[in-house]
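Numbering (my numbering), first residue to last: 137 to 268. Note that CB positions come from ideal geometry on N, CA and C, so glycine has one too.
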């Protein structure tokens, strides 16, 4: 997914479901290294796997269910990539969430495209939040 957006200071992590038995903290990670601006989708997925940021449908749905708790700074031009969730009829497409200024929505991006870290982020659940 190409595109650039002006960035405000983003939080390094955010917590959803605070005070519940299912509280989760997600770290925001860039998949870009060094002086890269964009990489192809397959390399982005490989890096997501290396960073243990290869999340799928269950985490995507959890975030949608708790979207009102996502920090406002993340609603402007940022999207969350779920590299482990593939579109069933198009396995070269991965899920991502974006905010349309009203709510968070799911869309699909092709791994054949170039992906930029200007606005895309991988998410990694904190180990203490992961099921044993």
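Among 211, 245, 224, nearest to residue 232 - alpha-carbon criterion: 245
Just to confirm the assignment: which complete alpha helix (DSSP H) runs, minimum length 4, are found wholly within the region 167-252? 177-186, 193-201
Tell me the rounded alpha-carbon separation between residue 235 and residue 215. Those two C-alpha atoms are separated by around 7 Å.
Name the residue from 146, 239, 241, 219 whose alpha carbon lies nearest to the alpha carbon of residue 187. 219
Which residues share a DSSP beta bridge with residue 258? 165, 217
Can you tell me which residues form a DSSP beta bridge with residue 151? Under the DSSP definition of a beta bridge, residue 151 partners with 161.
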